[in-house]
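Counting in my numbering, the first sequence runs from 285 upward without gaps. Ideal placement from N, C-alpha and C gives every residue a C-beta, glycine not left out. I have placed the structure first, in the form of structure tokens, so that the comments after it can refer back to it.
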Amino acid sequence: MDNTIITRFPPSPTGSLHVGGARTAVFNWLYARAKKGKFILRFEDTDQERSTKESEEEILEAMEWLGLDYDEGPFYQTKRSDVYQKYADILIEKGLAYYCTCTQEEVEAMREKAKAEGRKPKYDGRCREKGLKKTEGAVLRIKAPLSGTCIIKDVIKGNIAVPYEELDDFVIQRSDGTFTYNFAVTIDDLTMGVSPVIRGDDHVSNTPKQIIIYEALGEKVPEFGHVPMVLGSDKKRLSKRHGAMSILEYKKLGYLPDAVINYIVRLGWSYGDQEFFTRKELIEKFSLENIGRSPGVFDPEKMLSINAEHMQNSDDDFLCRIISSQSKIPVSDKLKLAVNVYKSRAKTLIELEDSIKVYFTDEFEYSEKAAKDNLKESSKEILKSFADKLGAIKDFTHDEIDAAFNQVLADHEIKFPKLAKPLRVALTGTAQGAGIHETLDLTGKDKAIERIEKAIMWINGNKC
RNA sequence: GUCCCCAUCGUCUAGCUCGGUCCAGGACACCGGCCUUUCACGCCGGCGACAGGGGUUCAAAUCCCCUUGGGGACGCCA
285 MDNTIITRFP
295 PSPTGSLHVG
305 GARTAVFNWL
315 YARAKKGKFI
325 LRFEDTDQER
335 STKESEEEIL
345 EAMEWLGLDY
355 DEGPFYQTKR
365 SDVYQKYADI
375 LIEKGLAYYC
385 TCTQEEVEAM
395 REKAKAEGRK
405 PKYDGRCREK
415 GLKKTEGAVL
425 RIKAPLSGTC
435 IIKDVIKGNI
445 AVPYEELDDF
455 VIQRSDGTFT
465 YNFAVTIDDL
475 TMGVSPVIRG
485 DDHVSNTPKQ
495 IIIYEALGEK
505 VPEFGHVPMV
515 LGSDKKRLSK
525 RHGAMSILEY
535 KKLGYLPDAV
545 INYIVRLGWS
555 YGDQEFFTRK
565 ELIEKFSLEN
575 IGRSPGVFDP
585 EKMLSINAEH
595 MQNSDDDFLC
605 RIISSQSKIP
615 VSDKLKLAVN
625 VYKSRAKTLI
635 ELEDSIKVYF
645 TDEFEYSEKA
655 AKDNLKESSK
665 EILKSFADKL
675 GAIKDFTHDE
685 IDAAFNQVLA
695 DHEIKFPKLA
705 KPLRVALTGT
715 AQGAGIHETL
725 DLTGKDKAIE
735 RIEKAIMWIN
745 GNKC
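Structure (structure tokens):
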């Protein structure tokens, strides 16, 4: 018809969207966006036992959070059996599919035997030429080529050759009338015009089966792109214990969706030495050719640091809105200032919120060590005289504050840190954080005096 | 067992298509230092890899073969 690129993401709603799944979703989405094509969402829910509505909703929510919008769907395989039946009938008519009445036990026995003889475990095709009619308990099998080689044209891995002898006459329709995964996927991709089919590495061995179906139907075989798996730190397939939790967990942990996408894409794909990408840049620069061929290990630390980088590069207003919605602190110039000053000190949105909330509440505690080291008897007078000077200030400007600093410093014959450090602890409860001017600005004059007095009381109380 | 895929610092990777510019570059982590009232940020420097063995070649991380290692798949699951 036309050359529009159509990609798809086909999760089975049997669990949440985790890192690996999200990555193939992102690759498909990016490629469609990069090529100005279409991105389709399709739920492969033919496994009625394990599919749940909750999983479906969670996947939808995760995709929305990541900003992976789709142009068509979501489609549901369970609602498309009539389409599959139509194509199965074509195959039967062409004599390229046949009914088989072997029991599962019989087939299992064949496989055991073949295995024992050192051959590939497979169905031996005993019903292939029997011309059996459809009967209770019969399955529909495809007539697979007996010889020759299947060439998978893979845009990522290059051509892959698999001898047809490796495959058997696999089942395309179960005895209960439902269709198997390989058949449903193929018909879906075919009828939805999907190409390239971008999916995980673990599907390469399914691909020859699907090619057999396309060819039996006399249809054009799409292009494939198999992306390598994501591994855990032990080089084993990623699982919960490696931190392969739901992608939504990262939202809870305070990650930015763009950072998650950046990390996930860069794991297995590269663009020279560049590490940091905005979503826009990714769409501009993404290409299938630059996806690597080897599996990659998921590194939570690197993802964290990419997130920190995205935080730093984020617009203050944008960060402000997120912090406000997650913390109930209303958006204000003060919040914006706080975000601006603290965003380079936080690796996640949660850390950011934690570090600035002291400016929006009167309830905060001194960190034990910070108080012990800085709120000492010797700091009392210094703090006291600074509070007095502050009280006398007319304009709460940096110049006036500096003047107050200098006076206190001169009066007590001390260096700046002797005042600044206890002051920061008095104002924020911790020994580290923003510069003292920013800290004062965020606290406000009256609150600053109040907190200094509170700190002095604390020193007095602590003494006894 | 059989088939398929893969192999550069601890990890993600550049380089491999067109062998020499690579005694291998960047990033995370780690270790020093600078900046600085603190902590971050930033900047500078350090540590650290072509799995092994054979070829081909004047020359190999780059091409070929073998070995080893890792991953995946062999269902009326997806």
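Pairwise C-alpha distance: Lys564 and Ile677: Here residue 677 refers to the residue found at position 393 when the first sequence is read from its first residue. Here residue 564 refers to the residue found at position 280 when the first sequence is read from its first residue. One C-alpha to the other measures close to 49 Å.
From Pro706, Leu325, Ser365, residue whose alpha carbon lies closest to that of Asn354: As a first step, residue 354 is located in the first sequence; it is residue number 70 there, counting from the start. According to the sequence as given, residue 354 is Tyr; it is not Asn. Measuring from the Cα of Tyr354, the nearest candidate turns out to be Leu325.
First through last residue of the beta strand (DSSP E) which encompasses Asp438: The residue given as residue 438 occupies position 154 in the first sequence. 433 to 438 is the span of the beta strand (DSSP E), which, as asked, contains Asp438.
Span separating the alpha-carbon of Asp329 from that of Cys386: Residue numbering aside, residue 329 sits at position 45 when the first sequence is read from its first letter. Residue numbering aside, residue 386 sits at position 102 when the first sequence is read from its first letter. For Asp329 and Cys386, the distance between alpha carbons rounds to 27 Å.
Cβ-based neighbour list, Glu345, same chain, cut-off 7 Å, excluding 5 preceding and 5 following: Taking the first sequence and counting its residues from 1, one reaches residue 345 at position 61. Within the same chain, Glu345 has close Cβ partners Leu532.
Secondary structure of Thr291, DSSP reduced to three states: Translated into positions along the first sequence, residue 291 becomes position 7. It is a strand residue.
Those residues which DSSP pairs with Trp553 across a bridge: In the first sequence, the residue the question calls residue 553 occupies position 269. In DSSP, Trp553 forms a bridge with Ile575.
Close-in-space but distant-in-sequence residues of the same chain around Tyr626 (CB under 8 Å, 5 per side omitted): Along the first sequence, read from residue 1 onward, the residue named residue 626 stands at position 342. Once the five neighbours on either side are set aside, the close Cβ partners of Tyr626 are Leu636, Ser639, Ile640, Gly717, Ala718.
Per DSSP, cross-strand counterpart(s) of Glu356: Counting from 1 along the first sequence, the entry for residue 356 is found at position 72. Per DSSP, Ile324.
Where Cys252 sits in the DSSP three-state scheme: Missing from the structure shown is residue 252; the chain here goes from 285 to 748 and no further.
Where the beta strand (DSSP E) through Gly442 begins and ends: For the purposes of this step, residue 442 is taken as residue 158 along the first sequence, with counting starting at 1. First-last of the beta strand (DSSP E) with Gly442: 442 to 447.
Best match in Lys653, Glu649, Pro701, Ile634 for proximity to Leu667 [C-alpha to C-alpha]: As a position in the first sequence, residue 667 is number 383, starting the count at 1. Closest option to Leu667, Cα to Cα, is Pro701.
Pick from Val391, Glu401, Pro405 that is closest to Cys411, judged by C-alpha positions: Taking the first sequence and counting its residues from 1, the one referred to as residue 411 is at position 127. It is Val391.
Terminal residues of the alpha helix (DSSP H) in which Val625 lies: Numbered from 1 along the first sequence, position 341 holds the residue referred to as residue 625. Val625 -> alpha helix (DSSP H) spans 617 to 626.
For Ser589 and His487, the rounded distance between their alpha carbons: Sequence index remark: in the first sequence, residue 487 carries index 203 (1-based). Sequence index remark: in the first sequence, residue 589 carries index 305 (1-based). C-alpha separation (whole angstroms): 32 Å.
8 Å contact criterion, which Phe454 and Tyr368 should meet: CB distance rounded: The residue given as residue 454 occupies position 170 in the first sequence. The residue given as residue 368 occupies position 84 in the first sequence. Not a contact, Cβ separation roughly 15 Å.
First through last residue of the alpha helix (DSSP H) which encompasses Glu317: By one-based count along the first sequence, residue 317 stands at place 33. Reading off the sequence shown, one finds Arg at residue 317, where the question assumed Glu. It spans 303 to 318 - the alpha helix (DSSP H) in which Arg317 sits, taken as one unbroken run.
Residues near Arg276 in its chain [Cβ-Cβ closer than 7 Å; skip 5 each side]: Lying before the first or after the last residue shown, residue 276 is absent from the chain, which here runs from 285 to 748.
For Gln716, three-class secondary structure by DSSP: Position 432 of the first sequence holds residue 716. If DSSP states are grouped into helix, strand and coil, Gln716 belongs with coil.
DSSP bridge partner residues for Ser662 (one or two, in chain order): Taking the first sequence and counting its residues from 1, the one referred to as residue 662 is at position 378. In the DSSP output, where bridge partners are listed per residue, Ser662 has none listed.
Inter-residue spacing [alpha-carbon to alpha-carbon] between Gln558 and Glu348: As a working note, residue 558 is residue 274 in the first sequence. As a working note, residue 348 is residue 64 in the first sequence. The alpha-carbon atoms of Gln558 and Glu348 are separated by roughly 27 Å.
Any 3 or more C-beta pairs closer than 8 Å across the segment 537 to 552 and the segment 464 to 483: no
Ala393 classed as buried or exposed, judged by whether at least 16 other C-beta atoms fall within 10 angstroms: Mapped onto the first sequence, residue 393 falls at position 109. Ala393 should be labelled exposed.
Residues near Gln596 in its chain [Cβ-Cβ closer than 8 Å; skip 5 each side]: By one-based count along the first sequence, residue 596 stands at place 312. Excluding sequence neighbours, Gln596 sits near Lys627, Ser628.
Per-residue DSSP class, three states only, for Val455: As a position in the first sequence, residue 455 is number 171, starting the count at 1. Three-state result, Val455: strand.
Local conformation of Cys748 per DSSP, three classes: The residue labelled residue 748 in the question sits at position 464 within the first sequence. Note that Cys748 scores a pLDDT of 43, beneath 50, so its modelled location is shaky and nothing firm can be said.
Those runs of the beta strand (DSSP E) which lie wholly inside the segment 379 to 416 and span at least 3 residues: 381 to 384
Rounded straight-line distance, which links the Cα of Arg605 to that of Ser489: Here residue 489 is taken as the residue at index 205 of the first sequence, counted from 1. Here residue 605 is taken as the residue at index 321 of the first sequence, counted from 1. Approximately 47 Å between the Cα atoms of the pair.
Residue environment, Asn466, which counts as buried when at least 16 other CB atoms sit within 10 Å: Residue numbering aside, residue 466 sits at position 182 when the first sequence is read from its first letter. Buried, because 16 or more other Cβ atoms sit within 10 Å of the Cβ of Asn466.
8 Å Cβ cutoff met for Tyr382 and Lys427: For the purposes of this step, residue 382 is identified with residue 98 of the first sequence, where counting begins at 1. For the purposes of this step, residue 427 is identified with residue 143 of the first sequence, where counting begins at 1. Yes, the Cβ-Cβ distance between Tyr382 and Lys427 is below 8 Å.
CB contact flag (Phe753, Val469, <8 Å): Because residue 753 is not part of the residues shown, which for the chain are 285 to 748, the question remains open.
Rounded separation between Glu356 and Asn574 - CA only: Numbered from its first residue, the first sequence carries residue 356 at position 72. Numbered from its first residue, the first sequence carries residue 574 at position 290. For Glu356 and Asn574, the distance between alpha carbons rounds to 27 Å.
Beta-bridge partners of Phe644, as assigned by DSSP: Taking the first sequence and counting its residues from 1, one reaches residue 644 at position 360. Beta-bridge pairing links Phe644 to no other residue.
Residue closest to Gln494, alpha-carbon to alpha-carbon, out of Cys434, Ser530, Leu522: On the first sequence, position 210 is the one that residue 494 refers to. Of the candidates Cys434, Ser530, Leu522, the one whose C-alpha sits nearest the C-alpha of Gln494 is Cys434.
Arg563 - containing alpha helix (DSSP H), residue span: Taking the first residue of the first sequence as position 1, residue 563 is located at position 279. Arg563 -> alpha helix (DSSP H) spans 563 to 569.
Cut-off 6 Å between Cβ atoms - residues of its own chain near Pro294, not counting five sequence neighbours on either side: Here residue 294 refers to the residue found at position 10 of the first sequence. These residues qualify, in order along the chain: Arg326, Glu328.
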